[in-house]
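Read the structure below first, then the notes.
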Amino acid sequence: MRNSSLVRLASRSARTGDLPAARTLEVLRARGATLATAESLTGGRLASLVTAVPGASDVFRGGVVAYATDVKVEVLGVPVAVVERYGVVSPECASEMARAVRALMGATYGLSTTGVAGPDSQEGKPVGTVYVGLAGPDGSTAAVALELVGDRAAIQDRTCLEALDCLVRTVQGELPGEEPALR
Numbered sequence: 001m002r003n004s005s006l007v008r009l010a011s012r013s014a015r016t017g018d019l020p021a022a023r024t025l026e027v028l029r030a031r032g033a034t035l036a037t038a039e040s041l042t043g044g045r046l047a048s049l050v051t052a053v054p055g056a057s058d059v060f061r062g063g064v065v066a067y068a069t070d071v072k073v074e075v076l077g078v079p080v081a082v083v084e085r086y087g088v089v090s091p092e093c094a095s096e097m098a099r100a101v102r103a104l105m106g107a108t109y110g111l112s113t114t115g116v117a118g119p120d121s122q123e124g125k126p127v128g129t130v131y132v133g134l135a136g137p138d139g140s141t142a143a144v145a146l147e148l149v150g151d152r153a154a155i156q157d158r159t160c161l162e163a164l165d166c167l168v169r170t171v172q173g174e175l176p177g178e179e180p181a182l183r
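As numbered in UniProt numbering, residues 1 to 183 make up the sequence shown, in order.
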């Protein structure tokens, strides 16, 4: 079954009443906050997961699927210098994507995904290398590095769940070392 890892995780979470996207929206809604997404590696799956939750429209502002490098630069406004110096599979690019989509959509928080889902490496980075970017209310940014295993779909699905978890934990102030402004 395609997306089986997501289905299993969602089913387990549903039994506890804590579906990841629903929980994310609940946490943001309680703070009067909004969300925008910029996705490369996940190709729109993150936005789809969020918008599958009834009532998402009062929190989710929108998203951009910036799969190609030129879209990251021309649509989101990721600086060419960042792409040339660090590459698109980097914490710097993830942070810039989150910053840009937050500003573009007028959201409280920006959340981005970039990485290597496979089957081949990219920019010398192995399959499973993932960066989740976060941008907070004052525009401060952070990136979280993940090393995931599995096939392409499993990496994409796990990235979505990890991204939502990173956002919730950041908003709730549970990620040590994050900028206070991101909380």
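Think of the CB as a built atom: it goes at the ideal place given N, C-alpha and C, for glycine as much as any other residue.
Cα-Cα separation between residue i and residue j, rounded to whole angstroms
{"i": "aspartate 165", "j": "glutamine 172", "result": "11 Å"}
{"i": "aspartate 58", "j": "glycine 77", "result": "26 Å"}
{"i": "valine 75", "j": "arginine 45", "result": "19 Å"}
{"i": "serine 121", "j": "leucine 19", "result": "32 Å"}
{"i": "alanine 163", "j": "glycine 118", "result": "19 Å"}
{"i": "glycine 63", "j": "methionine 105", "result": "8 Å"}
{"i": "leucine 49", "j": "leucine 28", "result": "15 Å"}
{"i": "valine 71", "j": "phenylalanine 60", "result": "21 Å"}
{"i": "glutamate 84", "j": "alanine 52", "result": "36 Å"}
{"i": "arginine 169", "j": "threonine 24", "result": "9 Å"}
{"i": "glutamate 174", "j": "threonine 34", "result": "19 Å"}
Exposure label - residue i; buried when at least 16 CB within 10 Å
{"i": "aspartate 151", "result": "exposed"}
{"i": "proline 54", "result": "exposed"}
{"i": "alanine 135", "result": "buried"}
{"i": "glycine 110", "result": "buried"}
{"i": "glycine 128", "result": "buried"}
{"i": "arginine 102", "result": "buried"}
{"i": "glutamate 96", "result": "buried"}
{"i": "threonine 149", "result": "Looking at the sequence itself, residue 149 is valine, so the reference to threonine does not match. That one is exposed."}
{"i": "alanine 30", "result": "exposed"}
{"i": "aspartate 157", "result": "buried"}
{"i": "alanine 81", "result": "exposed"}
Three-state secondary structure (DSSP) of residue i
{"i": "serine 112", "result": "strand"}
{"i": "glutamate 179", "result": "Any reading at glutamate 179 must be qualified, since the residue scores a pLDDT of 43, below 50, and its modelled position is unreliable; the value itself is stated next. Correct three-state label for glutamate 179: coil."}
{"i": "valine 73", "result": "helix"}
{"i": "leucine 35", "result": "strand"}
{"i": "glutamate 174", "result": "coil"}
{"i": "valine 88", "result": "coil"}
{"i": "threonine 42", "result": "coil"}
{"i": "residue 186", "result": "Since the first residue of the chain shown is 1 and the last is 183, residue 186 is not available in this structure."}
{"i": "leucine 134", "result": "strand"}
{"i": "glutamate 162", "result": "helix"}
{"i": "alanine 142", "result": "strand"}
Nearest-angstrom beta carbon gap, residue j and residue i [assumed within contact, 8 Å]
{"i": "leucine 167", "j": "threonine 114", "result": "Actually they are not in contact, since the Cβ atoms of leucine 167 and threonine 114 sit about 15 Å apart, beyond 8 Å."}
{"i": "alanine 36", "j": "alanine 107", "result": "4 Å"}
{"i": "alanine 89", "j": "glutamate 123", "result": "The displayed chain sequence assigns valine, not alanine, to residue 89. Between glutamate 123 and valine 89 the Cβ distance is about 5 Å, and since that is below 8 Å, they are a contact."}
{"i": "alanine 98", "j": "threonine 141", "result": "6 Å"}
Spatially closest choice to residue i from the options, by CA coordinates
{"i": "tyrosine 131", "options": "Ala107, Cys93, Ser140 and Tyr109", "result": "Cys93"}
{"i": "alanine 21", "options": "Ala47, Ala30 and Gly32", "result": "Ala47"}
{"i": "valine 65", "options": "Ala154, Glu123, Val82 and Ala100", "result": "Ala100"}
{"i": "glutamate 39", "options": "Leu28, Ala142, Thr170 and Thr159", "result": "Thr159"}
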